[in-house]
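First comes the structure, then the notes that go with it.
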Amino acid sequence: MRLETGAAATVLATALAVAPMLVALHPEPANALSWPTWMVHVSSIIEWLVAMAYIWRYAAVSGLQQWKGLTWGMLPLHTSGLCACTYHILYNSPDVVGLVALQAGLTCFGNATMAAATYRIWQAGKAGDLQAGESVTADPSEANDATFYGQLVAMTVIGAALVKWGELLVDFPFEPSYAAAAALIFGPTAVNVYKWYERSQKPDSAVTGLF
1 MRLETGAAAT VLATALAVAP MLVALHPEPA NALSWPTWMV HVSSIIEWLV
51 AMAYIWRYAA VSGLQQWKGL TWGMLPLHTS GLCACTYHIL YNSPDVVGLV
101 ALQAGLTCFG NATMAAATYR IWQAGKAGDL QAGESVTADP SEANDATFYG
151 QLVAMTVIGA ALVKWGELLV DFPFEPSYAA AAALIFGPTA VNVYKWYERS
201 QKPDSAVTGL F
């Protein structure tokens, strides 16, 4: 895949973005985030997941298994990011303003879990608690920078378009509730937790793909 991937993704995302505008059930509120702003939010969620996977792989390469704990420590901060996105999906409604406090709490908690994880890495490194490092073969999707960044651009551009204009096709963003917010926040979090739990049960299995 060459650098044209980013341009192709932009064209596709534009088509996906325009289509919902023709059949939208709701007009877009004045305080809706712009498409570029949504790209920033979506990319932060995606790139955090990618970073979690790279750190997990590094445990195998370095022979220091405590690096996997850092991936676990990053989980609350990913959920914190989902809180921010959910609040914006619900157009910053005062009815769910508690999400702001939840995001702040998860950010504080996530900083603490990451600090604890890095302390464990430091302690294990001092003690020489190393296993033989493994030779890890790069996944084909990460074989070159053009492919890697092309995938990130495609997911970011398309994801942002689907969120910004796709939510105009449904009612729940215009009827904000904590039930809807909980589904958007804790549903993906549960999937993320289960993914890492499954991988921790199979320590010899290689992590492939971006996530």
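Numbering (UniProt numbering), first residue to last: 1 to 211. A virtual CB, placed ideally from N, CA and C, is assigned to each residue, including glycine.
Judged by their CB atoms, Ala60 and Phe211 are not nearer to each other than the 9 Å cut-off.
Between the C-alpha atoms of Ala154 and Thr118 there is a straight-line separation of about 32 Å. Contact check between the segment 169-189 and the segment 107-127: fewer than three CB pairs, one atom from each, fall below 8 Å, which does not count as touching. For Tyr178, the enclosing alpha helix (DSSP H) covers residues 178-201. For Ala104, the three-state secondary structure derived from DSSP is helix.
In this structure, Leu168 and Leu25 form a Cβ contact; the two beta carbons are roughly 6 Å apart against a cut-off of 8 Å. Distance from the Cα of Trp72 is smallest, within the candidate group Asn31, Val193, Gly105, Ser205, for Val193.
Excluding its 5 nearest sequence neighbours in each direction, Asn111 has C-beta neighbours in its own chain below 8 Å: Leu77, listed in chain order. Within the same chain, Trp67, Leu70, Thr71 come within 7 Å of Ile55 by CB-CB distance, once the 5 residues on both sides are set aside. Distance check between His88 and each of Ser62, Phe109, Tyr58, Ala30 places Ala30 closest, using alpha-carbon atoms only. According to the DSSP assignment, Phe148 belongs to the alpha helix (DSSP H) that extends over 145-166. When the Cα atoms are used, Thr107 and Trp38 turn out to be separated by approximately 20 Å. Given a length threshold of 4 residues, each whole run of the alpha helix (DSSP H) inside the segment 73-130 is given here in chain order: 98-127. With 16 or more other CB atoms across the displayed protein chains lying within 10 angstroms of its CB, Gly159 is buried. If you check the CB distance, Trp48 and Met74 come in under 9 Å. With a cutoff of 9 Å on beta-carbon distance, Phe186 and Thr79 are scored as near each other.
For a cut-off of 8 Å, the C-beta gap from Val42 to Thr156 is around 5 Å, short enough to register as a contact. Counting only residues of its own chain and dropping the five nearest sequence neighbours on each side, Ile45 has a CB closer than 8 Å to the CB of His78, Gly81, Leu82, Cys85. Annotated as proximal: Val207 and Arg199, with beta-carbon spacing under 9 Å. Here the C-alpha atom of Ala161 lies approximately 21 Å from the C-alpha atom of Val50.
Assigned with DSSP and collapsed to three states, Gly209 falls in coil, not helix or strand. Residue state for Ala60 is assigned as helix, using DSSP reduced to three classes.
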